[in-house]
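Trainee: Below: one structure in structure tokens.
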Amino acid sequence: MMLPLMVGLGACSNDESTELCFVGDSLVAGWDTYSAFPTRIVRNDGVGGAHLEDLLTWNLDYRGKDVVMLVGTNNMGSAILNDNTRPQFIADFVEEYRHTIETWAPRRVFVISILPRNFKNDNERLNSCIQELNLALSQMVESLDYGTFVDVYDYFLYEGKLNMDYSLDGLHLNDLGYNILNVRLAKVL
């Protein structure tokens with residue numbers, strides 16, 4: 001009787017072998033993680049508009065949990081596009097990511113790469129900058145004994161941009177896009 005209530009409230013159980021906690025921006029908020037991983041106790045802490053630096057302010061308890069992170073597209077702005085500021089932006093972003101993960105102290109963390117974009121008014125260079133950021137992020141995640149970088153970037157790419165067959169608007173995913181995430185994540189869980 002208690003288990004359905006816990007799932008309904010989005011709480012992770014104490015069974016570390018089955019729990020799976022998702023955190024991130026609108027890409028996570030729009031992801032039907034409960035249906036995608038029906039054999040797991042799932043918690044979805046996705047919030048539309050979230051930035052990486054917001055996550056620690058939510059006072060989430062992921063100590064000893066398995067955590068899936070997909071966040072960062074809302075952090076993409078002029079600093080990553082500018083050749084002079086991009087290296088520092090990437091270094092700061094990766095360090096904030098590391099700090100967030102280490103503060104939570106999860107049992108395992110699965111960091112999904114930042115997806116390519118095809119949103120109106122996006123700068124043509126944005127996706128190549130995202131690739132550069134993903135490379136640095138992957139190196140940091142792989143340096144963690146409990147970290148796995150789930151690189152899905154190329155699965156979503158078409159002619160240098162987010163494939164619109166997988167997207168609602170050039171940023172948010174449709175069911176086909178979420179199916180790619182489900183399959184790629186399931187392979188590493």
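Numbering (the UniProt record's numbering), first residue to last: 1 to 189.
Ideal Cβ placement from N, Cα and C applies to all residues, glycine included.
(1) Starting from residue 68, follow its DSSP beta bridges and name the residues at the other end.
(2) So residue 46 and residue 31 are supposed to be a Cβ contact under 8 Å. How far apart are they, rounded?
(3) From the DSSP output, in three-state form, read off residue 146 for me.
(4) How is the beta strand (DSSP E) around residue 45 delimited, first residue to last?
(5) From the DSSP secondary-structure annotation, give me the bridge partner or partners of residue 27.
(6) Considering only the alpha carbon of each residue, which of 91, 55 and 21 lies closest to residue 139?
(7) Which one of 23, 101, 81 and 44 has the shortest CA to CA distance from residue 71?
(8) Could you round the C-beta distance between residue 148 and residue 93 to whole angstroms and report it? I think they count as a contact, below 8 Å.
(9) Is it buried or exposed for residue 19, if we count other Cβ within 10 angstroms and need 16 for buried?
(10) So, is residue 76 buried or exposed, given that buried needs 16 or more other C-beta atoms within 10 angstroms?
(11) Sorted by chain position, which residues of the same chain lie with C-beta nearer than 6 Å to residue 33's C-beta, five sequence neighbours on each side aside?
(12) So is residue 103 buried or exposed if we call it buried at 16+ other beta carbons inside 10 Å?
(13) Consult DSSP for residue 126 and reduce its assignment to one of helix, strand or coil.
(14) Can you grab the Cα-Cα spacing for the pair residue 142 / residue 129, in whole Å?
(15) Under a Cβ-count criterion, where at least 16 other Cβ atoms within 10 Å of its own Cβ denotes burial, should residue 106 be classed as buried or exposed?
(16) Decide if residue 152 is buried, meaning its Cβ has at least 16 other Cβ atoms within 10 Å, or exposed.
(17) Can you tell me whether residue 73 is buried or exposed? The criterion is at least 16 other CB atoms within 10 Å of its CB, across all chains shown.
(18) Measuring CA to CA, which of 123, 40 and 28 is closest to residue 186?
(19) Starting from residue 100, trace the alpha helix (DSSP H) both ways and give me its first and last residue.
Mentor: Inspection of the coordinates gives the following:
(1) Residue 68 pairs with 22 and 110.
(2) Their Cβ separation, rounded to whole angstroms, is 7 Å, which keeps residue 46 and residue 31 in contact under 8 Å.
(3) The three-state reading of DSSP puts residue 146 in coil, since its state is none of H, G, I, E or B.
(4) First-last of the beta strand (DSSP E) with residue 45: 41-46.
(5) As DSSP reads the structure, residue 27 sits in no beta bridge.
(6) Comparing Cα-Cα distances from residue 139 to each of 91, 55 and 21, the minimum goes to 91.
(7) The shortest C-alpha separation from residue 71 is found at 23.
(8) Not a contact, Cβ separation roughly 19 Å.
(9) Residue 19 should be labelled buried.
(10) Per the 10 Å Cβ criterion, buried.
(11) Annotation for residue 33: 22, 42 and 44 place their beta carbon closer than 6 Å to its own, counting only its chain and skipping 5 residues before and after.
(12) With fewer than 16 other Cβ atoms from the protein chains shown falling within 10 Å of its own Cβ, residue 103 counts as exposed.
(13) Three-state result, residue 126: helix.
(14) Near 20 Å, if we compare the C-alpha coordinates of residue 129 and residue 142.
(15) Burial check for residue 106: the Cβ neighbour count within 10 Å reaches 16 or more, so the residue is buried.
(16) So residue 152 ends up on the buried side.
(17) So residue 73 counts as buried.
(18) Cα-wise, what sits closest to residue 186 is 40.
(19) It spans 86-104 - the alpha helix (DSSP H) in which residue 100 sits, taken as one unbroken run.
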